[in-house]
Each structure stands twice: as structure tokens, then as C-alpha cells.
Amino acid sequence: MAGVARRLAIAVSRRSSGKTSGRSCRPKNRAVAREGDVVELLGDGPRYGCGFSAGGLLFPYYIGVLDELRTLGYVDENTPVAGSSAGALIAAVNASGLSTEEVFLACKELVRDCRVGGTRYRLREVLRSFLDELLPDDIHIRASGKTFVGITQITPVIRSCLVNTFESKEDLISALLTSSHVPLFMERNIVTNFRGNVCVDGGFTKFLPVPPVEDLRLIRICCFPASQLGRIVRGAEISPDSFKEAPYDVKQLLTWALSPAEDMILEELFQLGKEDTRLWANFESMSLSMEDSREECL
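The sequence shown begins at 1 in the UniProt record's numbering and counts up by one.
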């Protein structure tokens, strides 16, 4: 309990120093989940924004996180969301308005395709087909201004870019494929081209990007145990080991990130994302309550 209290105090201090004045577009009732229970707190809260790390085929974890964040009212399709690789995919999914149920079903089909036909050198075209069938035709309109896709630009200098305006559905899909371009894995090419620029996976330069929008209370999400990755995911609020011991280590998760797992594992990753998000939501509720108490004392 003492460790939890110390962690809470640190979190409150950190968040208070950058507390936002923006208001949320989410429902007025803030739902906070426990196992088998939901507690509602009345009143508006801060405006949230999300950042999702790279994650490969661990995408089901992010679907579970998004499902729970939506259920609890922390995000909706207008929430600013940034991501690299798999994180960029979930950012686009959020803006699309698609249900997490239909996205998870489509994800299972993609993974089954990879189990049968292989992943290396062919994932780009499999993913392109998946995105073209799944995303609505007006996704570029829905996503522009609130979906931030992390890309690593190679020339003329190596730099991280966040793309958040899209001319067409194909332009958005091209951005997502570029953000996911692991050299000699997605296809046989080392690099790819996006809008005339030589690029690779966004996670190489910005593993966990966040939306560059003012007055946001950020939720950083990583599908790997954050404590085992060090600086590249520093500050992650939601991860498999943010509030408990992770059920899988980085080595095992990397295997599933690059090689298609069985459906049972996909289900476990989905449920793990939901569980980790509920744990964060309880912690977030406590943090906000303590911040409100501190303000009342001033």
C-alpha cells in the first residue's frame, strides 16, 4: 500500500504541473471500472489525448485498450490520437467510428491469413487489403486534424514526422503502411516512398508519439512491458506492467509481434488491454480526486 501511495503522489505531482484547462468532449459522467463494478463520478473532466507505441501484430492489445477507453468515456472518435506502426493503425480505427468488435474480427482474419500464407515480405499487401476493406471511404476526412501518424523520414536527413492531414483514403492508407514499414519484413524493400520521400517505420525514431495538441491530458499506451523498455516508453500510463506484473515478457511479446499468434492468444491480448485500461482508470480517478482536493485547499 505504501508503494501505491508513493506512486499516486508522484503521478499527481507530475500531472498537476501540467494540468490542462480544456474540457472533455466525452460524456459528463466519468465511469471508472473495477472488476465487475463501475463507479460513475459526476462532472466534466479534462480533455484527453492518446499516444500508442509501435507493436506489430500485438494489435489486439490496442483494440482492447480502445474498447475500454470508449466504454469508460475517456475517448471518442474526435479524441486526438497519435501512434507509430500498430499504434497508428489504432489511431485511424478510433477516428473511423468503427466498433472494436468488427475491428477485432477483421484483425483475426488478417492474422489467420498470415498464419496460412506467411508474414515476411507479404504483410504490406495483406495489411493494405485489410485497411481498404475495413476503413470507411471518408476516413481521410474523419482522421484529418485528429489522427497523427508517426513516420520516419530518411532523406534528406533522418527525422520523425507526424502526419495529420490526408488527401484521400488511399493517402491515409499509404501513411499507415509507411508507419508500419519494417525494412525487409513488410515487403522485400528496405525503404518505402511516401509523398515523394524515402521513409521507414515510424517507431524507429518515435516509438511512442503523442498528439502535439495543447491542453490535453495525455494517455500513453504501450503493448510491451514499459519497465523493460526503458526510456523509449518513459511515462507510459497503460502497459502490461504499469500496475501489476506482466503476464508475458518482452521476448515472448516480440515473437507474437512478428509472427502470427493463435486465436486464443489474440483473445488474451485483447482482454489484457481491457484489464490494464481498467486498472489505469481506477488510478486516474484517484489522481483527479487528489488534484481536486489540493485545489480546494489552496
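Glycine included, every Cβ here is placed at the ideal spot set by N, Cα and C.
Computed from a predicted structure; not experimentally measured.
In the DSSP assignment, residue 147 falls within the beta strand (DSSP E) that extends over 147–153. When 121, 207 and 124 are compared, the shortest CA-CA separation from residue 230 is found for 207.
It is roughly 24 Å from the alpha-carbon of residue 55 to the alpha-carbon of residue 195.
Of all alpha-carbon atoms in 139, 105, 113 and 90, the one lying nearest the alpha-carbon of residue 172 is that of 139. When secondary structure is reduced to three states using DSSP, residue 46 falls in the strand class. Counting only the Cα atoms, residue 52 lies some 13 Å from residue 225. The beta carbons of residue 278 and residue 68 sit about 6 Å from each other, so the pair counts as a contact at 8 Å. Here DSSP, grouped into helix, strand and coil, assigns residue 220 to strand. Assignment of residue 205 by DSSP, reduced to helix, strand and coil, places it in the coil class. The straight-line gap separating the alpha-carbon atoms of residue 180 and residue 192 is approximately 10 Å.
As the crow flies, the alpha-carbon of residue 245 is around 21 Å from that of residue 264. Distance from the CA of residue 70 to the CA of residue 76, rounded to the nearest whole angstrom, comes to 6 Å. Taking each of 272, 149 and 96 in turn and checking the Cα distance to residue 243, the smallest one comes out for 272. Here residue 240 is near residue 276, since their CB atoms are less than 8 Å apart.
If you draw a straight line from the Cα of residue 148 to the Cα of residue 262, it comes to about 30 Å.
Residue 84: not part of any alpha helix (DSSP H); member of the beta strand (DSSP E) spanning 81–84, first to last residue. Taking the Cβ atoms as the reference, residue 50 lies roughly 17 Å from residue 232, outside the contact range of under 8 Å. Between residue 95 and residue 83, the gap from beta carbon to beta carbon reaches 8 Å or more.
Taking C-beta atoms as the reference points, residue 199 and residue 153 count as a pair closer than 8 Å.
A straight line joining the alpha-carbon of residue 98 with that of residue 63 spans about 11 Å.
Per DSSP, reduced to three states, the secondary structure at residue 238 is strand. With contacts defined by Cβ atoms closer than 8 Å, residue 169 and residue 135 form a contacting pair.
Taking residue 113 as the centre and dropping the five residues before and after it, the same chain places the C-beta of 126 closer than 8 Å to its C-beta, in chain order. The C-alpha of residue 274 is placed about 13 Å away from the C-alpha of residue 266. The continuous beta strand (DSSP E) containing residue 163 extends over residues 159–163. Shortest Cα-Cα distance from residue 85 to any of 103, 66 and 57 involves 57. In the three-state scheme derived from DSSP, where H, G and I count as helix and E and B as strand, residue 64 is classed as helix.
Annotation: residue 192 is outside any alpha helix (DSSP H); the continuous beta strand (DSSP E) that includes it extends over 192–194. The residues 201, in chain order, have a CB closer than 7 Å to that of residue 182 in the same chain once the five nearest residues on each side in sequence are set aside. Following the DSSP letters along the chain, one finds residue 227 in no alpha helix (DSSP H), marked with neither H nor E.
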